[in-house]
Each structure stands twice: as structure tokens, then as C-alpha cells.
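*Asks:*
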Amino acid sequence: MKSARYDLTLHIVLAFFICVCTGCFTVKNSAGFTYEKLEMTAYNALLADSTDHTLIDVRTRGEYKRSHLEGAMNRSYFAFNYRKACSAVDGNKLVFVYCQTCHRSPLAARKLKRLGFRRVVDLKGGYQHWHKDMVPLGK
């Protein structure tokens with residue numbers, strides 16, 4: 044019995060690493076769609092310089108309520124209605140996304156790509172690396 048549980052755990056861990064290594068968390072550019080993953084300072088500079096954009100926090104409602112970037116709308120990637128909630132956003136605008144650790148946001152960006160969004164910029168490392176001297180935090 045113990046051996047079977049160990050084997051199952053091992054298979055799950057291996058499957059996770061295969062997904063990571065084979066690009067499960069990558070988003071490919073294509074005709075009409077660009078995805079960029081930027082370091083915090085570059086992300087902040089582009090966010091500050093752009094006037095016509097949408098900022099989407101794809102973390103859960105609880106994470107968003109604790110703290111978020113000022114001006115961000117919450118569209119939790121785990122929400123049942125994520126696609127519907129995002130379809131109300133203008134996909135022709137520059138869209139900034141972020142999550143806590145940069146694991147959900149690439150997956151969210153792939154869904155945005157399928158919804159016809161044109162350009163998505165992701166925060167490399169996620170919100171956990173955000174410094175308070177960047178764009179103000181909303182509470």
C-alpha cells in the first residue's frame with residue numbers, strides 16, 4: 044500500500060516537472076498577438092508610460108482584497124467565469140497581467156490570447172516581488 048502511494052506521488056511530481064519543462068507555462072507569440080514577460084522595473088516603466096491600457100490582477104478575490112496594484116481590476120484565473128469576465132475587457136488595448144508568483148498569469152494570458160487579445164504584458168516573478176516604491180498599491 045505504501046509503495047502504491049509513493050508511486051502515485053512520484054508520477055504526479057514527474058508530470059508537473061514535465062509540464063514546466065515542456066512549456067506548460069509559456070505563451071507563444073503569433074500573428075496578431077504579442078506576449079512579454081518583463082522584470083519589475085521594465086513592467087513599471089511601461090505601465091507608467093502607457094495611457095491606454097488595462098491592468099488585470101488574476102489572483103483570487105482574497106489576495107486582491109489584501110493588496111493589489113492601484114487601478115487593477117480583479118479577474119481571478121480560478122474563477123468559474125474568468126473567460127466571460129475577461130471578454131468584457133477591450134482586447135485591442137495593451138493589457139498588463141500579474142499574479143502572486145507568475146504561475147497563473149501565463150495561463151491567464153493564454154486564455155486572453157484565445158479570446159482575441161492583441162498584446163499582453165506579464166510581471167516576471169509576480170506580485171510577491173513588487174516593491175512599494177513602484178506604482179502605488181491599492182487596498
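Residue numbering for the sequence shown follows the numbering used here, starting at 44 and increasing by one per position. Idealized CB from N, CA, C, for every residue including glycine. The structure displayed is predicted, hence computed values, not measured ones.
(1) Reducing DSSP to helix, strand and coil, say where Lys71 ends up.
(2) Contact check, Val164 vs Thr97 under 8 Å by CB: the rounded distance?
(3) At the level of alpha carbons, what is the spacing between Asn124 and Thr52?
(4) When you compare only the Cα positions, how much space is there between Glu79 and Gly105?
(5) Looking only at its chain, what residues have a beta carbon closer than 8 Å to the beta carbon of Lys167, apart from the 5 residues adjacent to it on each side?
(6) Please say whether Leu158 and Arg126 have beta carbons closer to each other than 8 Å?
(7) Out of Asp95, Glu113, Tyr141, state which residue places its alpha-carbon closest to the alpha-carbon of Asn135.
(8) So which of Ser93, Asp92, Ala91, Ala152 has the shortest CA-CA distance to Arg118?
(9) Quick one: is Ala160 buried, meaning 16 or more other Cβ sit within 10 Å of its Cβ, or exposed?
(10) Based on the DSSP output, what are the partners of Phe139 in its beta bridges?
(11) Beta-carbon separation of Gln143 and Tyr107 under 8 Å?
*Replies:* Once the coordinates are examined:
(1) coil
(2) Going by Cβ atoms, the distance from Val164 to Thr97 rounds to 11 Å, so no, they are not a contact pair.
(3) 31 Å
(4) 27 Å
(5) Within the same chain, Lys167 has close Cβ partners Lys80, Leu81, Glu82, Met83, Tyr86, Cys145.
(6) yes
(7) Minimum Cα distance to Asn135 is reached at Asp95.
(8) Ala152
(9) With the sequence shown as reference, residue 160 is identified as Phe, and Ala is not the correct amino acid for it. Phe160 is buried by the Cβ-count criterion.
(10) According to DSSP, Phe139 bridges with Leu98, Val164.
(11) no
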